[in-house]
Amino acid sequence: MYISTLTGVRYILNRNTNLEYSDHGIIKHDPHDKSEITLLSLSCVEQVIKPTKSSWRGIDAGYFPYDWAVLYSHVQLTENLKKFNADILFFAGDQVYEGASPTAADTGPLAHLDYLYKWFLWCQTYKDLTTRIPSISIPDDHDAYHW
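Just so you know, this note's numbering puts 1163 at position 19 of the sequence shown, and the rest follows in order with no gaps.
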């Protein structure tokens, strides 16, 4: 269902499946009456910080400094991005990383599930922004699942 308002288009999504699912939001109105628009551009956002300069380790590699090196779910980042009241979001690639972000890449027969899990983290991180701000996301080398 879509309802047009002065501030944007309100929407409600319902899926008729065995699983209950619904979502809602307001996509901002077209800023055609503004002389300038605000665009937020993001790329190369990691889920964890590299704990040492000599190695790239994910949370599944033994020792990991959980007290300072986990970035997901990027609450501070997304809350600060909301303050810009952007007209459009642009995700310029490397939305996900297959290795050590936050876990090492799974190269076995279920590698696609590991990859989808990492995309899920990205979706959860930016859900509050992308459900109300028009967004463009272009894939880059890490986003295309090409190993």
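From the three backbone atoms N, C-alpha and C, an ideal C-beta is built for every residue, glycine too.
Beta-carbon proximity list for residue i, same chain, < 6 angstroms, skipping 5 on both sides
i: Y1146; result: With a pLDDT of 48 at Y1146, under the threshold of 50, the predicted position of this residue should be treated as unreliable, and no value is reported.
i: K1194; result: W1200
i: A1236; result: S1185, S1187
i: V1189; result: none
Sequence-distant residues of its chain with Cβ nearer than 7 angstroms to residue i (five each side left out)
i: L1265; result: Q1191, Y1216
i: A1230; result: T1182, L1183, L1184, I1277
Buried versus exposed call for residue i [16 or more other C-beta atoms within 10 Å across all chains shown]
i: G1206; result: exposed
i: H1218; result: buried
i: Y1270; result: buried
i: A1288; result: exposed
i: K1262; result: buried
Short Cβ contact (8 angstroms threshold) for residue i with residue j
i: D1117; j: T1275; result: The shown model of the chain, from 1145 to 1291, leaves out residue 1117, and the question about it has no answer.
i: I1170; j: L1233; result: no
i: E1242; j: H1286; result: yes
i: L1183; j: K1226; result: no
i: T1247; j: I1203; result: yes
i: Q1239; j: S1279; result: no
Span of the beta strand (DSSP E), counted from its first residue to its last, around residue i
i: F1130; result: Shown here, the chain extends from 1145 to 1291; a query on residue 1130 therefore has no answer.
i: L1186; result: 1183 to 1186
i: I1193; result: Segment: none, I1193 is in no beta strand (DSSP E) and carries neither H nor E.
i: S1279; result: 1279 to 1281
Own chain partners of residue i with C-beta closer than 8 angstroms, once the 5 adjacent residues on each side are dropped
i: K1268; result: The sequence shown places Gln at residue 1268, rather than the Lys named in the question. Here the set comprises S1217.
i: W1212; result: I1193
Considering only residues of the region 1218 to 1262, which uninterrupted beta strand (DSSP E) runs meet the minimum length of 3 residues and lie entirely inside it, listed in chain order? 1232 to 1235
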